[in-house]
Amino acid sequence: MGISKEEVLHVAHLARLEFSEEEVELFTTQLADILDYVAQLNELDTSKIEPTYHAVPMSNVFRKDEVKPSSPVEDVLANAPERENGFFVVPKVIK
Amino acid sequence: MQFEAVIGLEVHAQLTTASKIFCSCSTAFGAAPNTHVCEVCMAAPGTLPVLNKKVVDYAIKLALATNATIHPVAVFARKNYFYPDLPKGYQISQYDLPIATGGYIQIEVGSQTKRIRLVRIHMEEDAGKLIHDEHRPVSFVDFNRTGVPLLEIVSEPDIRSPEEAVAYLKKLRAILRYLEICDGNMEEGSLRCDANISIRPLGSKELGTKVELKNMNSFKHVQRALEYEIRRQTALYLDGKEIIQETRLFDVEKGVTVSMRGKEEAHDYRYFPDPDLVPLKVDDQWVEDIRQTLPELPDVKKERFMKEYGLPAYDAEIIISSRHLAEFFEACVKIFPKPKIVSNWIMTEVLRELNREGKEIHETKLTPELFTELLKLLEDNVISSTAAKKVFSEVYKTGKRPAQIVEEQGLRQESDEETLRAICQKLVKEHPKEVEKYRSGKKGVIGFFVGQVMRETKGKANPKVVNKLLTELLESE
Amino acid sequence: MSCFWDSLLSLRERLAKKELSSQELVKHFFERIKEVEPKVRAYITLTEEGALAQAKEADKALAAGENKPLLGIPLAIKDNICIRGVRTTCASRMLENFVPTYNATVIERLRDAGAIFLGKTNLDEFAMGSSTENSAFFPTHNPWDLERVPGGSSGGSAAAVAAGLCAGALGSDTGGSIRQPASFCGVVGLKPTYGRVSRYGLVAFASSLDQIGPLTRTVADTALLLQVIAGPDNRDSTCVDQEVPDYLAALDMDLKGCKVGVPKEYFGQGLSQEVAQAIEASLEVMRDLGLEVKEVSLPHSPYAIAAYYIIAPAEASSNLARYDGVKYGFRAEGKDLLDMYKKTRSQGFGPEVKRRIMIGTYALSAGYYDAYYKKASQVRTLITKDFAEAFKEVDFVLGPVAPSPAFKIGERTADPLEMYLSDIYTISVNLAGIVGLSLPCAFSEKGLPIGLQIMGPHFSEERVLALGHQFERALGLFKQHPGL
Numbered sequence: 053m054g055i056s057k058e059e060v061l062h063v064a065h066l067a068r069l070e071f072s073e074e075e076v077e078l079f080t081t082q083l084a085d086i087l088d089y090v091a092q093l094n095e096l097d098t099s100k101i102e103p104t105y106h107a108v109p110m111s112n113v114f115r116k117d118e119v120k121p122s123s124p125v126e127d128v129l130a131n132a133p134e135r136e137n138g139f140f141v142v143p144k145v146i147k
Numbered sequence: 487m488q489f490e491a492v493i494g495l496e497v498h499a500q501l502t503t504a505s506k507i508f509c510s511c512s513t514a515f516g517a518a519p520n521t522h523v524c525e526v527c528m529a530a531p532g533t534l535p536v537l538n539k540k541v542v543d544y545a546i547k548l549a550l551a552t553n554a555t556i557h558p559v560a561v562f563a564r565k566n567y568f569y570p571d572l573p574k575g576y577q578i579s580q581y582d583l584p585i586a587t588g589g590y591i592q593i594e595v596g597s598q599t600k601r602i603r604l605v606r607i608h609m610e611e612d613a614g615k616l617i618h619d620e621h622r623p624v625s626f627v628d629f630n631r632t633g634v635p636l637l638e639i640v641s642e643p644d645i646r647s648p649e650e651a652v653a654y655l656k657k658l659r660a661i662l663r664y665l666e667i668c669d670g671n672m673e674e675g676s677l678r679c680d681a682n683i684s685i686r687p688l689g690s691k692e693l694g695t696k697v698e699l700k701n702m703n704s705f706k707h708v709q710r711a712l713e714y715e716i717r718r719q720t721a722l723y724l725d726g727k728e729i730i731q732e733t734r735l736f737d738v739e740k741g742v743t744v745s746m747r748g749k750e751e752a753h754d755y756r757y758f759p760d761p762d763l764v765p766l767k768v769d770d771q772w773v774e775d776i777r778q779t780l781p782e783l784p785d786v787k788k789e790r791f792m793k794e795y796g797l798p799a800y801d802a803e804i805i806i807s808s809r810h811l812a813e814f815f816e817a818c819v820k821i822f823p824k825p826k827i828v829s830n831w832i833m834t835e836v837l838r839e840l841n842r843e844g845k846e847i848h849e850t851k852l853t854p855e856l857f858t859e860l861l862k863l864l865e866d867n868v869i870s871s872t873a874a875k876k877v878f879s880e881v882y883k884t885g886k887r888p889a890q891i892v893e894e895q896g897l898r899q900e901s902d903e904e905t906l907r908a909i910c911q912k913l914v915k916e917h918p919k920e921v922e923k924y925r926s927g928k929k930g931v932i933g934f935f936v937g938q939v940m941r942e943t944k945g946k947a948n949p950k951v952v953n954k955l956l957t958e959l960l961e962s963e
Numbered sequence: 017m018s019c020f021w022d023s024l025l026s027l028r029e030r031l032a033k034k035e036l037s038s039q040e041l042v043k044h045f046f047e048r049i050k051e052v053e054p055k056v057r058a059y060i061t062l063t064e065e066g067a068l069a070q071a072k073e074a075d076k077a078l079a080a081g082e083n084k085p086l087l088g089i090p091l092a093i094k095d096n097i098c099i100r101g102v103r104t105t106c107a108s109r110m111l112e113n114f115v116p117t118y119n120a121t122v123i124e125r126l127r128d129a130g131a132i133f134l135g136k137t138n139l140d141e142f143a144m145g146s147s148t149e150n151s152a153f154f155p156t157h158n159p160w161d162l163e164r165v166p167g168g169s170s171g172g173s174a175a176a177v178a179a180g181l182c183a184g185a186l187g188s189d190t191g192g193s194i195r196q197p198a199s200f201c202g203v204v205g206l207k208p209t210y211g212r213v214s215r216y217g218l219v220a221f222a223s224s225l226d227q228i229g230p231l232t233r234t235v236a237d238t239a240l241l242l243q244v245i246a247g248p249d250n251r252d253s254t255c256v257d258q259e260v261p262d263y264l265a266a267l268d269m270d271l272k273g274c275k276v277g278v279p280k281e282y283f284g285q286g287l288s289q290e291v292a293q294a295i296e297a298s299l300e301v302m303r304d305l306g307l308e309v310k311e312v313s314l315p316h317s318p319y320a321i322a323a324y325y326i327i328a329p330a331e332a333s334s335n336l337a338r339y340d341g342v343k344y345g346f347r348a349e350g351k352d353l354l355d356m357y358k359k360t361r362s363q364g365f366g367p368e369v370k371r372r373i374m375i376g377t378y379a380l381s382a383g384y385y386d387a388y389y390k391k392a393s394q395v396r397t398l399i400t401k402d403f404a405e406a407f408k409e410v411d412f413v414l415g416p417v418a419p420s421p422a423f424k425i426g427e428r429t430a431d432p433l434e435m436y437l438s439d440i441y442t443i444s445v446n447l448a449g450i451v452g453l454s455l456p457c458a459f460s461e462k463g464l465p466i467g468l469q470i471m472g473p474h475f476s477e478e479r480v481l482a483l484g485h486q487f488e489r490a491l492g493l494f495k496q497h498p499g500l
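Protein chains in written order, with this note's numbering: chain A, 53 to 147; chain B, 487 to 963; chain C, 17 to 500.
1) Would a C-beta distance cut-off of 7 Å place C/Cys19 and C/Ala92 closer than the cut-off?
2) For the alpha helix (DSSP H) containing C/Glu331, name the first residue and the last one.
3) Could you list which residues in chain B have their beta carbon closer than 9 Å to that of A/Leu129, in chain order?
4) Does the structure place the region 396 to 404 of chain C close enough to the region 354 to 373 of chain C that three or more beta carbon pairs sit under 8 Å?
5) On the three-pair Cβ rule with 8 Å, is the region 212 to 223 of chain C touching the region 117 to 133 of chain C?
6) Among residues of its own chain, excluding the 5 on either side of C/Leu437, which ones have a beta-carbon nearer than 7 Å to its beta-carbon?
7) What residue range does the beta strand (DSSP E) around C/Gly277 cover?
8) Please identify the residue among C/Ala79, C/Glu290 and C/Phe46 whose C-alpha is closest to the C-alpha of C/Ala67.
9) What residues in its chain sit with their C-beta under 6 Å from that of B/Ala529, if we drop five residues either side in the sequence?
10) Pull the bridge partners of C/Arg164 from the DSSP assignment, please.
11) Tell me the start and end of each unbroken beta strand (DSSP E) in the region 224 to 274 of chain C that is at least 3 residues and wholly inside, in chain order.
12) Quick one: measure Cβ to Cβ for B/Val523 and A/Ser99, integer angstroms, because I've assumed they're closer than 8 Å.
13) State the CB to CB distance for the pair B/Ile591 and B/Leu583, rounded to an integer number of angstroms; the pair is presumed to be in contact (CB under 8 Å).
14) With DSSP as the reference, identify every bridge partner of C/Ala185, one or two as the case may be.
15) Can you list the residues of chain A that C/Asp249 reaches, using a CB-CB cut of under 9 Å?
16) Mind pulling the chain F residues with CB within less than 9 Å of C/Pro432?
17) So what does DSSP say about C/Tyr378, is it helix, strand or coil?
18) When you compare the region 530 to 544 of chain B with the region 94 to 114 of chain C, are there three or more beta-carbon pairs, one atom per stretch, that lie closer than 8 Å?
19) From C/Phe154 to C/Lys55, what distance separates their C-alpha atoms?
20) Using a Cβ-Cβ cut-off of less than 9 Å, give me the residues of the region 73 to 102 of chain C that come near chain B, in sequence order.
21) So, helix, strand or coil for B/Tyr800, using DSSP?
22) Using 10 angstroms around the beta-carbon of C/Gly88, count the other beta-carbons present and answer buried if the total reaches 16, otherwise exposed.
23) So, for B/Ala517: in the same chain, excluding its five sequence neighbours on each side, which residues have a beta-carbon less than 6 Å away from its beta-carbon?
24) Name, in chain order, the residues that DSSP records as bridge partners for B/Leu491.
25) Would C/Asp237 be called buried (16 or more neighbouring beta carbons within 10 Å of its own) or exposed?
26) Around the Cβ of B/Leu688, are there at least 16 other Cβ atoms within 10 angstroms (buried) or fewer (exposed)?
27) Nearest chain B C-beta to A/Lys57 closer than 7 Å, yes or no?
28) Output the distance between the C-alpha atoms of A/Glu3 and A/Lys57, rounded to the nearest integer angstrom.
29) For C/Arg215, which three-state DSSP category applies?
30) Does the beta-carbon distance from C/Gly168 to C/Ser147 come in below 7 Å?
31) Name the residue from C/Asp140, C/Cys201, C/Thr61 and C/Ser38 whose alpha carbon lies nearest to the alpha carbon of C/Met435.
32) Whose C-beta lies closer than 6 Å to the C-beta of C/Gly350 among residues of the same chain, with five residues either side of it excluded?
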């Protein structure tokens, strides 16, 4: 159960990460080792087992449809790497 | 070779809750950028979502109104992708276990009635707004809209023409507005539509390659985009060329669809149940409680109006297009039991004003009492139909009683035969040449006399009576 | 009058008796910090001015006779818990200059109780790690042996408590990140039941596993801190709506006749002799306290690490998607949006974080979801059932916290998988969402602390703390301190 370099590059793109050649080599090996290790889960027959997504069973947690004051716009933009006229500024998506 | 189009529509309806789906910021439209934002909806580190119960109420409402199956357990899932208007880097939506599946929307095209089946209805949050700068290579992000609740309604590909598509959208909008859960305004973005369309030879059971269409911002756009796409795909098919599975944008200016190929890539959304939200358990009692609040829905109301009030289908369709309008109609007919007259006036004068102002009837000064008072004055010949239109405008503008306006503006019609006869006689005497013309066969000259009487009476003469009297006078001598 | 080794409870008493003022206390701690911190490096940010101002307020309140539970008590807070107006970095370049405009719920509760904050402590970046060596800034050093790791990811908090640099601290635990550093540093650390403490304001790592918990020098101190921070929170949907009992009052409950289970799967290879012996000795103490010790089985234990290292990275990969250079945090220049995203995230995150994002993204990606994330979640059910079965026979499950005492800095950084495997004893507790308390039970030959783990079913904190407290009193190890 290995992982190919192409798969590593594809996953990196999905996660919006980029790596140098050496890093790709290293990650490919490390990821392959880890995936190899976790594959042992296949030893277990879980065909009749429901997955657990919540450690403590709960349901129906709600809030009322009430408006509360929003944050002052200065707070919203307080940590913005780039801002202009009350907006966050980002580079354009390439056309 | 004959072809048929196979169309499915994916509609997003923005819900009219006061607060957002996962935080308490206001959903009100038009605020200054980033002023309806808190740390939760801007995805600050460490923040968590909490579900607005009303959103579920509204989803259940729509499911009931479309005969969909409501699932006893529903789960929110994360749809992961990167875009600046999506602050968390994922959208909280639903995947495996939506709130409802199945159901249908009934449409009428011509005289045909057809059911368009639904695949599913689910809840999700809206993204923010991205504004592109014209000159510099930057874009601006406003998170006000992030977290506004949406219902996504997916239809089966049961739609067979652009007309059916528009009929579907109109009916869906009517239902949403009847339920008072969505404004249903495509131009404002509270109702959005994407289409999936393929074509196939008539009679074939196989599906052709489907193309996704986006960027249609009105019913007209939807119609034009689908029409164009049908032509495009048909031409390719006949040429023996391949139809590529892709997403195309509707170009409003040119009325064509344009490929997005190269700009878009296949998304791997990596859906998984959102660990920050717990499962939704919808029990029978909750559904029943919501069912109790359902209004009479458009289709049912239309049938009833046709039966009870004898309205033709076309008229009924218009009257029920807005629940408030339908209620107004019924209230009027209760007071003034002449449904055809009421419906005619609504379809002409009333709707003209409402459309001009972009208002709903209940938002205006026009009440059933005022309106029917006017209709009664007209019916009783107290005013002429021309005067009635004038009075209507005034009532609509000011909310004053029609009787008051008639008095104030001296619009009371003169219907007394004796009075009018005297005037007619006088004018006939004064215009012998025209009398000659009439008697020599030009019956249309009566209009001249009517006009003269009107002038003489400052428009107050009852035209019917005047006509009758003039005819008598002109014919007799 | 060295007060920096005092327990939180005794400091509280001294403040109430006016033996010393909160301002004096804070000053003492900062003096000690100035002396010891260059060696230990437990803190990322010190908030001396703020602390003194808070202490001044506390002294006024104390003089007025107020008796809030933590009035005037100085605490250290792990730097992945948001404090309004204070830089919260998560030990990452990504948030190096991020200043939250809101408080975590636990912070509000601590402030309402009168507590004071001395600063933000070091951690493995975004809480991903078991040694605090993954901090983007610097490693923290174990106060018992400065060449060794304090454990992770709450290494800074554990070291600060162990070295007398605060009266108590908060950490977070996703796979052992409170308990293992507590064990390595010879202090008490509790991972409460999942949902016992609000996660609002805790920078998320793995949402279904994360919990905030206390680190202190005594079990009673942990009980007090838990008392203050626990309870329902309408800002966290996963925070359970259950009343908070009086943990302090319960500490001396009668536990005679209770049963302690020891999983046979825990004593296989990998466990160091010293630790095995320390646990054996602890079981004797349990018997002396009147409890019955018996063997239990947690048959799916060997699969816990595999399940965890799919689930946690999967959730993390999604939780960390918000760090994109748009709204806050680090941003790198890019020629377009995609370039900006990639450079920002590649430069802003360290290697371990990137590694886990990669694993997580892979485990959720098209075609792999069923084989990885769903499968791991099914195994999680089996592990949860193991504990449920065990708790039908026993009241507590006992075991080691880590296979060995603290290792040397740099010793395990080459092989990430090796580091992961050392989480064996703590990880199942997070998967099942149950209670886990780590407290000192022995010292190794080299004088390094060894921790014992007491586990209990959901919402059994009263009992677990009681057993821990009585065990601690019996052993008296809390009186020992590193020679710093």
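Note that the Cβ used here is the ideal one computed from N, Cα and C, for glycine as well.
Note that the structure is a prediction, hence the values are computed from the model and not measured.
With the given structure in hand:
1) Position 3 of the third sequence, counted from the start, is the residue given in the question as residue 19 of chain C. Position 76 of the third sequence, counted from the start, is the residue given in the question as residue 92 of chain C. Between C/Cys19 and C/Ala92, the CB-CB gap reaches or exceeds 7 Å.
2) Counted from its first residue, the third sequence places residue 331 of chain C at position 315. C/Glu331 -> alpha helix (DSSP H) spans Ala320 to Asn335.
3) Residue 129 of chain A sits at position 77 when you count from the first residue of the first sequence. Under the 9 Å cutoff, chain B gives Asn520.
4) no
5) With a cut-off of 8 Å, the region 117 to 133 of chain C and the region 212 to 223 of chain C count as touching, because enough Cβ pairs lie within range.
6) In the third sequence, the residue the question calls residue 437 of chain C occupies position 421. Here the set comprises Ile321.
7) Along the third sequence, read from residue 1 onward, the residue named residue 277 of chain C stands at position 261. Segment Lys275 to Pro279, the beta strand (DSSP E) holding C/Gly277.
8) Residue numbering aside, residue 67 of chain C sits at position 51 when the third sequence is read from its first letter. The residue with the shortest Cα to Cα distance from C/Ala67 is C/Phe46.
9) Taking the second sequence and counting its residues from 1, the one referred to as residue 529 of chain B is at position 43. Counting only Cβ-Cβ distances below 6 Å, and skipping sequence neighbours, we find Pro573 and Lys574.
10) On the third sequence, residue 164 of chain C is found 148 positions in, with the first residue counted as 1. Its beta-bridge partners are C/Lys424.
11) 227 to 232
12) Here residue 523 of chain B corresponds to residue number 37 of the second sequence, with the count starting at 1. Here residue 99 of chain A corresponds to residue number 47 of the first sequence, with the count starting at 1. Between A/Ser99 and B/Val523 the Cβ distance is about 46 Å, and since that is not below 8 Å, they are no contact.
13) One-based indexing of the second sequence puts residue 591 of chain B at position 105. One-based indexing of the second sequence puts residue 583 of chain B at position 97. Not really, about 23 Å apart at Cβ, beyond 8 Å.
14) In the third sequence, residue 185 of chain C corresponds to position 169, counting from 1. According to DSSP, which records beta bridges pairwise, C/Ala185 is partnered with C/Ala92 and C/Leu231.
15) Within the third sequence, the letter at position 233 stands for residue 249 of chain C. Result: empty, since nearest Cβ-Cβ is about 11 Å, beyond 9 Å.
16) Within the model displayed, chain F is absent; protein chains A, B and C are what it includes.
17) Looking up residue 378 of chain C in the third sequence gives position 362. DSSP places C/Tyr378 in helix when its eight states are reduced to three.
18) yes
19) Residue mapping note: residue 154 of chain C aligns to position 138 of the third sequence, counting from 1. Residue mapping note: residue 55 of chain C aligns to position 39 of the third sequence, counting from 1. One C-alpha to the other measures close to 12 Å.
20) Asn96, Ile97 and Cys98
21) Taking the first residue of the second sequence as 1, we reach residue 800 of chain B at position 314. If DSSP states are grouped into helix, strand and coil, B/Tyr800 belongs with the helices.
22) Within the third sequence, the letter at position 72 stands for residue 88 of chain C. Buried is the call here.
23) On the second sequence, residue 517 of chain B is found 31 positions in, with the first residue counted as 1. The answer, listed in chain order, is Asn630.
24) Your numbering for residue 491 of chain B matches position 5 in the second sequence. Inspection of the sequence shows that residue 491 of chain B is occupied by Ala rather than by Leu. The partner list for B/Ala491 (beta bridge, DSSP) reads B/Ile685.
25) For the purposes of this step, residue 237 of chain C is taken as the residue at position 221 of the third sequence. Per the 10 Å Cβ criterion, buried.
26) Locating residue 688 of chain B in the second sequence gives position 202, where the first residue counts as 1. Counting Cβ neighbours within 10 Å, B/Leu688 comes out exposed, since fewer than 16 surround it.
27) Within the first sequence, residue 57 of chain A is the residue found at index 5, counting from 1. Not closer than 7 Å to any Cβ of chain B, the Cβ of A/Lys57 fails to qualify, so no.
28) No answer is possible for residue 3 of chain A: it lies beyond the span of chain A, which begins at 53 and ends at 147.
29) Residue 215 of chain C sits at position 199 when you count from the first residue of the third sequence. Reduced to three states, the DSSP call for C/Arg215 is coil.
30) Position 152 of the third sequence, counted from the start, is the residue given in the question as residue 168 of chain C. Position 131 of the third sequence, counted from the start, is the residue given in the question as residue 147 of chain C. Result yes, Cβ atoms of C/Gly168 and C/Ser147 sit closer than 7 Å.
31) Within the third sequence, residue 435 of chain C is the residue found at index 419, counting from 1. The candidate whose alpha carbon is nearest that of C/Met435 is C/Asp140.
32) Locating residue 350 of chain C in the third sequence gives position 334, where the first residue counts as 1. These residues qualify, in order along the chain: Met356 and Lys359.
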